[in-house]
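I have placed the structure first, in the form of C-alpha cells, so that the comments after it can refer back to it.
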Amino acid sequence: MAKITMREAISQALMEEMDRDPAVFIIGEEVGVWGGTYAVTKGFYDKYGPQRVKDTPIAEAAIIGAAIGAAMVGQRPIAELMTINFAFSAMEHIVNQAPKLRYMFGGQFSVPMVIRAVGGGGRQLGATHSQTPDAIFAHFPGLKVVSPGTPEDAKGLLKSAIRSNDPILFIEHATMYQVRGDVPDGEYLIPIGKSKVQREGKDVTIVTYSKGLELSVRAAEELSKEGIEAEIVDLRTLRPLDMEPVLESFKKTNRAVVVEEGWKSYGVGSEISSRIYEEAFDYVDAPIRRVAQKEVPLPYNRTLEQAALPQVHDIIDAVKEVLK
Amino acid sequence: MKKEQQLDLYYQMVLIRRVEERGAELYQAGKIGGFMHLYIGQEAVSTGLIAAREPRDRVITAYRDHGVALNCGISANQVMAELLGKVTGTSKGKGGSMHMASVEKNMWGGHAIVGAHLPIASGLALGDQYAGNDNVTICMFGDGATNIGYFHEALNVAKTWGLRVLWVCENNMYGMGTTVERASAVAEIRQRAEGYNMKSGRVDGMDVMKVYEASKEAIDYVRGNSQSYLLEVMTYRFRGHSMGDPERYRKQEEVKKWQENDPIGIFRKHLIEKKTATAKALDEIEARVEDEVNKAVEFAEASPEPPMEELFKDIYAE
Numbered sequence: 001m002a003k004i005t006m007r008e009a010i011s012q013a014l015m016e017e018m019d020r021d022p023a024v025f026i027i028g029e030e031v032g033v034w035g036g037t038y039a040v041t042k043g044f045y046d047k048y049g050p051q052r053v054k055d056t057p058i059a060e061a062a063i064i065g066a067a068i069g070a071a072m073v074g075q076r077p078i079a080e081l082m083t084i085n086f087a088f089s090a091m092e093h094i095v096n097q098a099p100k101l102r103y104m105f106g107g108q109f110s111v112p113m114v115i116r117a118v119g120g121g122g123r124q125l126g127a128t129h130s131q132t133p134d135a136i137f138a139h140f141p142g143l144k145v146v147s148p149g150t151p152e153d154a155k156g157l158l159k160s161a162i163r164s165n166d167p168i169l170f171i172e173h174a175t176m177y178q179v180r181g182d183v184p185d186g187e188y189l190i191p192i193g194k195s196k197v198q199r200e201g202k203d204v205t206i207v208t209y210s211k212g213l214e215l216s217v218r219a220a221e222e223l224s225k226e227g228i229e230a231e232i233v234d235l236r237t238l239r240p241l242d243m244e245p246v247l248e249s250f251k252k253t254n255r256a257v258v259v260e261e262g263w264k265s266y267g268v269g270s271e272i273s274s275r276i277y278e279e280a281f282d283y284v285d286a287p288i289r290r291v292a293q294k295e296v297p298l299p300y301n302r303t304l305e306q307a308a309l310p311q312v313h314d315i316i317d318a319v320k321e322v323l324k
Numbered sequence: 001m002k003k004e005q006q007l008d009l010y011y012q013m014v015l016i017r018r019v020e021e022r023g024a025e026l027y028q029a030g031k032i033g034g035f036m037h038l039y040i041g042q043e044a045v046s047t048g049l050i051a052a053r054e055p056r057d058r059v060i061t062a063y064r065d066h067g068v069a070l071n072c073g074i075s076a077n078q079v080m081a082e083l084l085g086k087v088t089g090t091s092k093g094k095g096g097s098m099h100m101a102s103v104e105k106n107m108w109g110g111h112a113i114v115g116a117h118l119p120i121a122s123g124l125a126l127g128d129q130y131a132g133n134d135n136v137t138i139c140m141f142g143d144g145a146t147n148i149g150y151f152h153e154a155l156n157v158a159k160t161w162g163l164r165v166l167w168v169c170e171n172n173m174y175g176m177g178t179t180v181e182r183a184s185a186v187a188e189i190r191q192r193a194e195g196y197n198m199k200s201g202r203v204d205g206m207d208v209m210k211v212y213e214a215s216k217e218a219i220d221y222v223r224g225n226s227q228s229y230l231l232e233v234m235t236y237r238f239r240g241h242s243m244g245d246p247e248r249y250r251k252q253e254e255v256k257k258w259q260e261n262d263p264i265g266i267f268r269k270h271l272i273e274k275k276t277a278t279a280k281a282l283d284e285i286e287a288r289v290e291d292e293v294n295k296a297v298e299f300a301e302a303s304p305e306p307p308m309e310e311l312f313k314d315i316y317a318e
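Protein chains in written order, with our numbering: chain A, 1 to 324; chain B, 1 to 318.
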C-alpha cells in the first residue's frame, strides 16, 4: 500500500494503460505541451510524444467527435474535457452519438472511448464553470458514467474504463485532486458498475459518490461521537447503477440519506430514493432525505457559494432528521 | 473507364432509382415508418464518387443514405429489409431508413443529425492516421450541414492535423425548404474551404463520369498529400426533402426543368452515343434491376421481425 493523491492515482492509471496498449492515446485541450490544466498529464508529452498526447483547438465537438471516430476504427482514445461544463458544447456527441452507435446500427460499431471530465463547484468560478451535472449524463442508456471518491477507486476504475469497449464518461471532482488515500501496490482493476460500502454502520445508510463521499465520511465521524454509526455506500458508477449494496444496507438500517453535489430536482438522490421505495418499501422506517445543492446557479462570492453547496452539517442534520 | 465498369455504374444508378421508387410505394402503403429521404435525382453523385474509392477508403454520410449504401455494396435485400424494420436489415431493423451501415463494406453509416457526423469523420481519419495507413475517409453531407458549427470544427481540425478526408458537399440547392442563398453567407459552398486554407473543387453532379473524374482526382490528392479537400457537387433532388413534403418552397416548373437533366437519362444517352452500349443492352440491365428489386421486396416482406430480445441487445459491449 502506498498513500498517494487522487491526481497521482489518475495519472498512474493513464500511464500504465498507455504503456500496456499502444492503441491508447490522450486527446484534449492543453493535455500535451501544457501538461494538463490540472497537471494530471504532466510529463506525458515528453514521454509519449505529440501523437499520443494530442493537443486540440478549443473545439469540444471536434474533440469528442474525433475520439468517437478513432474509437470506431479500433483505437482507444481518452478524450479530456477541461471541465464538464464544456461538455455542453459537445452534448450532441456525448449523449446523442457515442451511446447510440452500437445499438442503432445493430451491434456493428464499438466506441471504446473514455471521456475524462472535471466537474464540481467550490472554487469561485461562477455559475458557468462550477456545475455538477452528472445526473444529466446518467440519464442516457448506452453511456456509462463513473465518478470515483477515493484514489484507489479512481485508479482501478479508470484502468477498467480504458479497457472497456463502451463509451464511458469518467467524472473527476475539481477539489479532490489533492485528496490522499491508500492505493494497492502493483496492477489492479476495479469493475465498473459496482457500488461499495466505504464505511460500516448500523443506524443509517448514507448513499453518495465523489465529493459527497468526502463530506459523508466527515459527517459520519462527527455522528460517531454522538453514538450514531452511519453506513456509507459509495455508488462509484451512476450508470449502470448497482443498487444491491444500497438495498442490503437499507434493509439493515431502515433509514437513508442520499448525498450529492448536484441540484436536488431530478437528481441522483431522486433516483436512489425512488428505487429504495420501489424495492424495499417494507423496510422504510422514515422518509428518505436528500442532501444536494440549493436550486440556484452557483454564485462567485465565497460565502454565498458555500451556502449553496452541500456541507457536512447538512448531512448531519439530515441524518438526525431521519433518526427522529 | 472500362466498358464493364461504366455499365456497372449504370446498373447502380438504376438500382438506386428502382429501390427508392419501390420504397416510396411501400411507404405510402404504410409498410415503412418514420422519416424517409429519397435520393432520386442525385444518383450520379454517390455512384461516381464511390466508384473512385479504393475498398479500404471509408464512407460516411448523412440520412439520405440508401443510394450510398447500395453503391458501397450493401445488397438491395438488406436495404429493403432495413426500410421494413426487419432483422435481416443492415442494422437489424433498429436503425431504419436513415441508419444504414456495414463495417464489412467500409460504410460507416447514414447519420441523421445534420452535420454531427462531420467531427466523427475527422475521427475515422484520425484513427487511420494514428494507425499509420493512408486510407481516405469520404464524408458526404448536404449544403444545409455547412451552416452548423460541427462543419467548422471538423474541417478546421482536419486541415490542422493533416487528416485524409475528402469532404463532399452534395449541394442540392435546398436545406429542407430553405435555399442556399437564404441560409449561407457564401453562394458557392466551395468558398468555405478558403477559410481553412483547404483545396476545393466544384463539379456537375448530374453527370456520373464528371463526378467520377473529379472524385478520383480529389481522392488521389488527399491520399498523396495527407490533406483534406472539399468537393462541392451540384445536384438536385427530384422528390421532396422527405416523404410528406408539401414542396411549397419551389415551383413545379423548376423541378420539371431539372428532371430533363435526369442523371440516368444523361448517362444512358452518353453510353449509347459513345457506342459503349446499345439501348438493348441497357434495357437488359434495367430488366435485371427490376427483377433484383422485386426479389428484394419479397425478401424484406418475408423476413422476420426482430425478436423481442433485440430490444435490450447491443446497448453495451459488456
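Using N, Cα and C, we set each Cβ at its ideal position, and we do this for glycine too. Because the structure is a prediction, the values reported are computed rather than measured.
Could you check whether the Cβ of residue i sits closer than 8 Å to any Cβ belonging to chain B?
i: A:ASN96; result: yes
i: A:PRO50; result: no
i: A:MET15; result: no
i: A:ILE68; result: yes
i: A:PHE25; result: yes
i: A:VAL296; result: no
i: A:PRO191; result: no
i: A:VAL197; result: no
Going by the beta-carbon positions, is the gap between residue i and residue j smaller than 8 Å?
i: A:TYR209; j: A:ASP234; result: yes
i: A:TRP263; j: A:GLU229; result: no
i: A:ILE68; j: A:VAL114; result: no
i: B:PHE141; j: B:GLY175; result: no
i: B:ALA44; j: B:MET13; result: yes
i: B:SER226; j: B:ARG164; result: yes
i: B:LEU126; j: A:ALA71; result: no
i: B:ARG22; j: B:ILE264; result: no
i: B:VAL222; j: B:LEU166; result: yes
i: B:SER184; j: B:ASN133; result: no
i: A:ARG236; j: A:LEU157; result: yes
i: A:GLY181; j: A:LYS3; result: yes
i: A:VAL145; j: A:ARG76; result: no
i: B:THR349; j: B:ALA101; result: This structure cannot settle anything about residue 349 of chain B, because the visible part of chain B is limited to 1 through 318.
i: A:ILE288; j: A:VAL258; result: yes
Beta-carbon of residue i versus every beta-carbon of chain A: anything under 8 Å?
i: B:ALA154; result: yes
i: B:LYS313; result: yes
i: B:PRO304; result: no
i: B:GLU54; result: no
i: B:ILE266; result: no
i: B:ALA81; result: no
Please classify residue i as buried or exposed, where buried requires at least 16 neighbouring CB atoms within 10 angstroms.
i: B:ASN172; result: buried
i: A:HIS313; result: exposed
i: A:SER265; result: exposed
i: A:PHE25; result: buried
i: B:PHE151; result: buried
i: A:PRO191; result: exposed
i: A:LYS54; result: buried
i: B:HIS99; result: buried
i: A:LYS100; result: buried
i: B:HIS111; result: buried
i: A:GLU60; result: buried
i: A:TYR38; result: buried
i: A:GLU221; result: exposed
Quick one: what does DSSP say residue i is sitting in, helix, strand or coil?
i: B:GLU54; result: coil
i: A:MET72; result: helix
i: A:PHE250; result: helix
i: B:GLY48; result: helix
i: A:LYS202; result: coil
i: B:ARG164; result: coil
i: B:HIS270; result: helix
i: B:ASP65; result: coil
i: B:PRO119; result: helix
i: B:THR178; result: strand
(request) Take every Cβ of the stretch 228–248 of chain B, pair it with every Cβ of the stretch 67–85 of chain B, and state whether three or more of those distances are shorter than 8 Å. (result) They do not touch, by the three-pair rule.
(request) State whether the stretch 191–199 of chain A contacts the stretch 274–290 of chain A, with contact taken as three or more CB pairs (one from each stretch) at a distance under 8 Å. (result) Judged by Cβ distances under 8 Å, the stretch 191–199 of chain A makes no contact with the stretch 274–290 of chain A, as fewer than three pairs qualify.
(message) With a threshold of 8 Å, are at least 3 pairs of Cβ atoms found where one atom belongs to the stretch 102–120 of chain A and the other to the stretch 86–97 of chain B?
(response) Below 8 Å, enough C-beta pairs join the stretch 102–120 of chain A and the stretch 86–97 of chain B to call them touching: three or more.
(message) Within 8 Å, do at least three Cβ pairs link the stretch 71–86 of chain B to the stretch 298–310 of chain B?
(response) Proximity of the stretch 298–310 of chain B to the stretch 71–86 of chain B meets the contact definition, three or more beta-carbon pairs being nearer than 8 Å.
(message) Between the stretch 48–63 of chain A and the stretch 20–37 of chain A, can you find at least three pairs of beta-carbon atoms closer than 8 Å?
(response) The stretch 48–63 of chain A and the stretch 20–37 of chain A touch, with three or more beta-carbon pairs separated by less than 8 Å.
(request) Could you tell me whether the stretch 184–202 of chain B touches the stretch 235–253 of chain B, where touching means 3 or more Cβ pairs closer than 8 Å? (result) When C-beta atoms of the stretch 184–202 of chain B are compared with those of the stretch 235–253 of chain B, fewer than three pairs fall below 8 Å, so the two segments do not count as touching.
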